[in-house]
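A short worksheet on the structure shown next.
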Amino acid sequence: MDRPTPPPLPQPDPPPGAAALRRTPRQARSRARLALLLAAAERILVEEGVEALTTTRVAAEAKVSVGSLYQYLPDRGAIIDALAAGWFTRLEGVMDDLARTATRERWEDPVGVLVDTYAHIYRTEHGFRALWFGSGLTERTREADREHKRRMADGIRRVLLALGVARDDEALTRSCHAAILAADALAQEAFRREPEGDAALLAEAKVMLRGYLGAVVARY
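In my numbering, each residue's number is its place in the sequence shown (first place is 1) plus 335.
This is the structure:
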């Protein structure tokens, strides 16, 4: 009798930003080196701006050779793409947590929970803001952002389904995507105006989203 084929060994999750890399690190040492490089790139981005994100500057900040950096990040565009991909992963992870929490908690104000959660991220993720409000976004990053917003919209869909206030259909998917696009535009404007976010504009964002999502839910 033939022996059954053993299942493949589990592989570690790729590091944040791996999709944008020239080569994905597999060994712990390589993953640590990449994390060091991206942390150095984020410090430069926050303190000096996107124009300072050169390969030589990042390598020097991380205290590694340029050759080591080139294995993963061959140019400024790759650095920007990898940083953005890492932030997208973290933002989507927060949304996943919210969707799971919604299955066991009944929030009095779901919109308030969502807006406040992401406003806090804007306040604390200075690198994300520095990149998004700068002028260095690549076309790859812009396309990744479009896909990121679709995944965030799916998170909103899962929250509404978990709360039992909607039915899963194409119209709900479209409405959640519209809600994310509007919320993102308002959040960016609020944090362009003030480092801590324009409280009045964020409050108006909540009013708008409550009204819109209330109308969406009313369809069901």
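In this text, a Cβ means the ideal position worked out from N, Cα and C, and glycines have one as well. Values in this document were obtained by computation on a predicted structure and should not be read as measured data.
Own chain partners of residue i with C-beta closer than 8 angstroms, once the 5 adjacent residues on each side are dropped
| i | result |
| --- | --- |
| Ile379 | Ala387, Leu388, Arg392, Val393, Glu396 |
| Leu433 | Val448, Leu449, Thr452, Gly490, Val494 |
| Val552 | Leu495, Val500, Ala501 |
Of the residues the options, the one placed nearest residue i, counting alpha carbons only
| i | options | result |
| --- | --- | --- |
| Ala465 | Arg485, Arg368, Ala376 | Ala376 |
| Ile414 | Thr473, Thr438, Glu443, Ala497 | Thr473 |
| Glu531 | Val385, Arg458, Arg364 | Arg458 |
| Gly569 | Trp422, Ala420, Leu369, Asp416 | Since the first residue shown for the chain is 336 and the last is 555, residue 569 is missing from the structure and cannot be characterised. |
| Arg441 | Cys511, Leu373, Leu496, His483 | Leu496 |
Rounded Cβ spacing between residue i and residue j (contact assumed at less than 8 angstroms)
| i | j | result |
| --- | --- | --- |
| Arg477 | Glu427 | So it is not a contact: roughly 17 angstroms between Cβ atoms. |
| Thr424 | Leu408 | Their Cβ separation, rounded to whole angstroms, is 17 angstroms, which puts Thr424 and Leu408 out of contact at 8 angstroms. |
| Arg493 | Thr508 | Actually they do not touch by this definition, with Cβ atoms about 11 angstroms apart. |
| Leu537 | Ala525 | 5 angstroms |
| Ala514 | Tyr547 | 6 angstroms |
| His512 | Ala488 | 4 angstroms |
Buried versus exposed, by CB contacts within 10 Å (16 or more), residue i
| i | result |
| --- | --- |
| Ser470 | exposed |
| His455 | exposed |
| Gln346 | Caution is warranted here: a pLDDT of 37 is assigned to Gln346, below 50, making its placement in the model unreliable, and the coordinate value is therefore given only provisionally. Gln346 should be labelled exposed. |
| Gly499 | exposed |
| Val542 | exposed |
| Ala363 | exposed |
Cβ shell of residue i (< 6 angstroms), same chain only, five flanking positions each side left out
| i | result |
| --- | --- |
| Leu371 | Ala397 |
| Arg285 | As shown, the chain starts at 336 and ends at 555. That puts residue 285 outside it, with no answer to give. |
| Arg545 | Val446 |
Beta-carbon contacts of residue i that lie in its chain and below 7 angstroms, excluding the five residues immediately before and after
| i | result |
| --- | --- |
| Phe468 | Arg527 |
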